[in-house]
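Protein chains in written order, with this note's numbering: chain Z, 202 to 815; chain X, 92 to 281. Please read the structure below before turning to the comments.
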Ligand code: HEM
Ligand SMILES: [Cu+2]
């Protein structure tokens, strides 16, 4: 039955499918949509998913451009940056006598801050979870749409609003917030602390509160849809790992983002109402402020209670996507399906009890650090289970080395190289040396930044046909992959050495430090690769947008010969996803090369004596 | 787009479930605030003060409003139209009284000298109760819509209206219980 034709497939769903009376409600015009309700205020999860993706892409370009600019400062501190003055205006200070333009130090900090904020929240949270949870949850569990399509739309528009506010803050005369993506007080609590701490920070807070609302609304829908709207036969243990990961991510997000909101409300009170939750004994320009009794560490606890789970909110969906894409393209069942789910759960749970590893040198009780070190290092165990299972899945597989699969492999290597360093830093004694150095930057960019991007790319190349009924260009995809992989290692590998040598992160210039001067060439090297990496991503964007209209057309409903339900829907997406009945599920998602069959889709009934669960 | 979701007998309605998930999120926000409160308090330099009586009355008011709304919902389902409308109205009045009492409670507290700029204990009190009132206001908005429907539409028990009313009442019970928790917390951990 492996070569079941499309035609037979439809018959199967219609004969054996589950009639939820969906189409009885069609009365002609009711589903006629106009431009506004189709493309803008859409409530269709497939459209919302594209909105998240494209908005995420916009922010990725902005965030990456920021990094290129501050890398220019770090790599070529002597060169003139007067040529970007038309873009950055007064943030490039040109020395009238020499004509040499320099990045204003305040703006350097603003760029670093915005780079982090935008990429962590807008690109890797909204752009990743928002895109794929929306696209895949209903399609892969066999639902017509999300539990509340309206709330789903709101979720996108809160995200959009958050983006507009943040974008606006880039253009105000005092500049955007410049105190780091973690927004520690007092820099974030006192408007007079730096130029970005005034209006810039106010906008930053409003924007991120909108963002929290967006994440919570989205998460409510993802959780409810997975728990309540699965089609007949789709038991939890038959769900693809992608859905499992989105589901667990949504739970983590729902439990931790509100905590961040609490911290933000307290910060707002400190800024505007005169409370002193986070402020104590502060001198500004030699003057003591009358704000006493607060504790900046309290903010750090609230922030990192979200902040650490947040990094897993970013990586878990990527892990789910990678597991799913990998199984399809190695034509083998994923190794240790249940272990994969349990490790997702363990990681999710443990991620909520390790937050203080970001605070080892903040003055927390060193005995407390023991506890956090222990669990931090322990989290390497479920992480290794996942890596082990991916490697075992690859072993002996019939690997198709196409672009989605390459990015999947790339993800695994990056996750290993970046994850290993975490175990070093998790040890609070070692971390005293490494904290706030480039070692941290290397760690989290490999394990989270680039790895999550790779997961996202794997997902985009793999599900592009589902989104736009066309394929992306393979050659460009491969250039994109190899180029980006090389650049990623060229940029972040050397940073481990910088970090171990003690080079601090977030510094504007190292000229005046005798100890770091000889790293000038290494910094130049990194910057050159960062620029190349940036342009390679433009290649991806060109491929993406070109393929939407001109890519190779999809002629087969299931081009990858995949097992999951999204590939039983028609090539041209329809409202309600399935034109007739809903498919009924008989087996798990990973029946590849079973018996003598190359693949068996989830809605194919069991043969006599066959087992459908694992 | 409600048609997308079909009620499956024996299963909780997806929208009701979604509401509960949302409540869990809100609960986490207050859990964070109360944890921060405990941490800050145990660090010392903490001012103790006793609450103006308004807060006791407001507590009674919101608890009673929950009972009234529950009665109204039962009456709605069992066909007692006048009971449904009356108790809905009473619930709404008691709920609004809660907000008003909180407001006067704050001004009384302020007059006692507990202000935002002083000790963090005051700041926490205003912030926690204030954020709670914002959530109550959301409930009041929902109650207003429910009342507009109740008094303008013809009385009829339909699945859809029952569900909506159920959702509103559920949310209201939630902010009620949340308040009782917060109030006891603030009383005990001074
Ligand atoms: C084996 C697992 C891991 C361990 C033991 C670990 C440990 C740590 C520790 C101890 C720090 C703090 C270092 C410092 O600031 O001094 C840190 C920073 C960080 N980690 Fe990990 N990590 C692990 C995996 C991950 C993963 C999977 C991600 C993301 C997907 C991640 C993202 C980050 C980020 C973003 C930071 C830096 C935050 C900042 O200061 O701006 N880590 N990690
Ligand atoms: Cu962490």
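We put the beta carbon where it would ideally sit given N, CA and C, even for glycine. These numbers were taken from a predicted model, which means no experiment stands behind them.
For residue i, the three-state DSSP class (helix, strand or coil)
i              : result
residue 348(Z) : coil
residue 227(Z) : With a pLDDT of only 48 at residue 227(Z), under the threshold of 50, the placement of this residue in the model should not be trusted; the figure read from the coordinates follows. Residue 227(Z): coil per DSSP, three-state reduction.
residue 705(Z) : strand
residue 671(Z) : strand
residue 294(Z) : strand
residue 549(Z) : helix
residue 303(Z) : strand
residue 638(Z) : strand
residue 276(X) : helix
residue 783(Z) : strand
residue 772(Z) : coil
residue 255(X) : helix
residue 206(Z) : Any answer about residue 206(Z) is weak, because its pLDDT of 48 lies below 50 and its placement is not dependable; what the coordinates show is given next. It is coil, neither helix nor strand.
residue 102(X) : coil
residue 596(Z) : coil
residue 217(X) : helix
residue 798(Z) : strand
residue 714(Z) : coil
residue 478(Z) : coil
residue 310(Z) : helix
residue 805(Z) : coil
residue 393(Z) : coil
residue 791(Z) : coil
residue 758(Z) : coil
residue 84(X)  : A query on residue 84(X) cannot be resolved here, the shown segment of chain X reaching from 92 to 281 and no further.
residue 277(Z) : coil
residue 489(Z) : strand
residue 245(X) : coil
residue 753(Z) : strand
residue 865(Z) : In this structure chain Z extends from 202 to 815, so residue 865(Z) is not present and cannot be described.
residue 810(Z) : coil
residue 746(Z) : helix
Residue i CB to nearest heavy atom of ligand 4 below 8 Å
i              : result
residue 438(Z) : In the structure on display, ligand 4 does not appear, and the ligands it does have are ligand 1 and ligand 2.
_alpha helix (DSSP H) runs wholly inside the segment 139–183 of chain X, at least 4 long, in chain order_ = 145–169
*asked:* Counting beta carbon pairs with one atom in the segment 479–491 of chain Z and one in the segment 139–151 of chain X, are three or more of them shorter than 8 Å?
replied: no
_the segment 739–751 of chain Z touching the segment 705–724 of chain Z, judged by at least three CB pairs closer than 8 Å_ = no
*For the segment 298–323 of chain Z, which residues have a CB atom closer than 8 Å to at least one CB atom of chain X, in sequence order?*
none
*For the segment 580–592 of chain Z against the segment 611–618 of chain Z, are there 3 or more C-beta pairs whose distance is under 8 Å?*
yes
*Count the CB pairs spanning the segment 591–600 of chain Z and the segment 654–668 of chain Z that are closer than 8 Å, and state whether there are at least three.*
No: fewer than three Cβ pairs fall under 8 Å.
_Interface positions of the segment 114–129 of chain X facing chain Z (Cβ-Cβ less than 9 Å), listed along the chain_ = 115, 116, 117, 118, 119, 120, 121, 122, 123, 124, 126, 127
*asked:* Which residues of the segment 443–464 of chain Z have a Cβ closer than 8 Å to any Cβ of chain X? Give them in chain order.
replied: 455, 456, 457, 458, 459, 460, 462, 463, 464
*asked:* For the segment 758–775 of chain Z against the segment 699–712 of chain Z, do three or more pairs of beta-carbon atoms, one drawn from each stretch, fall closer than 8 Å, so that the two count as touching?
replied: no
*Are three or more beta carbon pairs between the segment 229–239 of chain X and the segment 253–270 of chain X nearer than 8 Å?*
They touch, by the three-pair rule.
*Can you give, in chain order, each stretch of the alpha helix (DSSP H) that sits fully within the segment 503–570 of chain Z and has at least 4 residues?*
538–552
_Cβ contact (3+ pairs, closer than 8 Å) linking the segment 619–635 of chain Z and the segment 564–576 of chain Z_ = yes
*Per the contact definition of three or more C-beta pairs closer than 8 Å, is the segment 483–497 of chain Z in contact with the segment 719–729 of chain Z?*
no
*Where the segment 493–510 of chain Z meets chain X: residues whose CB sits under 8 Å from a CB there*: The segment 493–510 of chain Z vs chain X, Cβ under 8 Å: 494, 495, 496, 499, 502, 503, 506.
*asked:* Please identify, using Cβ separations under 7 Å, the residues of the segment 198–220 of chain X that lie next to chain Z, in order along the chain.
replied: 207, 208, 210, 211, 214, 218
*Using 8 Å as the threshold, is the segment 212–224 of chain X in touch with the segment 160–173 of chain X, meaning 3 or more CB pairs across them?*
no
*Would you say the segment 117–124 of chain X touches the segment 269–281 of chain X, given that touching needs at least three Cβ pairs under 8 Å?*
The count of Cβ pairs closer than 8 Å, one atom from the segment 117–124 of chain X and one from the segment 269–281 of chain X, reaches three, so the stretches are in contact.
*the segment 418–429 of chain Z: which residues have C-beta closer than 9 Å to a C-beta of chain X, in chain order?*
418, 420, 421, 422, 424, 425, 426, 428, 429
*Should the segment 384–399 of chain Z be called in touch with the segment 461–479 of chain Z, which here means at least 3 C-beta pairs below 8 Å?*
yes
*Looking at C-beta atoms only, is the number of pairs between the segment 698–705 of chain Z and the segment 365–374 of chain Z that lie closer than 8 Å three or more?*
Flag = no, the segment 698–705 of chain Z and the segment 365–374 of chain Z do not touch.
*Between the segment 753–765 of chain Z and the segment 306–323 of chain Z, are three or more C-beta pairs nearer than 8 Å?*
no
*Decide if the segment 525–532 of chain Z is in contact with the segment 786–802 of chain Z; the criterion is three or more beta carbon pairs, one per stretch, under 8 Å apart.*
With a cut-off of 8 Å, the segment 786–802 of chain Z and the segment 525–532 of chain Z count as touching, because enough Cβ pairs lie within range.
*Would you check if there are 3 or more beta carbon pairs closer than 8 Å linking the segment 432–445 of chain Z to the segment 327–345 of chain Z?*
Yes, they touch.
_What are the residues in the segment 465–494 of chain Z lying within 7 Å of chain X by C-beta distance?_
466, 467, 470, 474, 475, 476, 477, 478, 494
*Pairing CB atoms from the segment 441–461 of chain Z with CB atoms from the segment 504–521 of chain Z, are three or more of them under 8 Å?*
yes
_Whole alpha helix (DSSP H) elements within the segment 378–435 of chain Z, 4-residue minimum_ = 400–429
*Mind listing which residues of the segment 324–349 of chain Z have their C-beta closer than 7 Å to chain X's C-betas, in chain order?*
345, 346, 348, 349
_With three or more C-beta pairs closer than 8 Å as the rule, is the segment 101–111 of chain X touching the segment 243–262 of chain X?_
yes
*At a Cβ cut of 8 Å, what residues of the segment 156–179 of chain X count as close to chain Z, listed as they run along the chain?*
none
*Residues of the segment 134–146 of chain X with Cβ closer than 7 Å to any Cβ of chain Z, in chain order*: 134, 136
*Would you call the segment 449–468 of chain Z and the segment 409–420 of chain Z touching, i.e. three or more CB-CB distances under 8 Å?*
yes
*Is it a yes or a no for the segment 260–276 of chain Z touching the segment 293–302 of chain Z, going by three-plus beta-carbon pairs under 8 Å?*
no
*Is the segment 688–700 of chain Z in contact with the segment 560–567 of chain Z, if contact means three or more CB pairs nearer than 8 Å?*
Flag = no, the segment 688–700 of chain Z and the segment 560–567 of chain Z do not touch.
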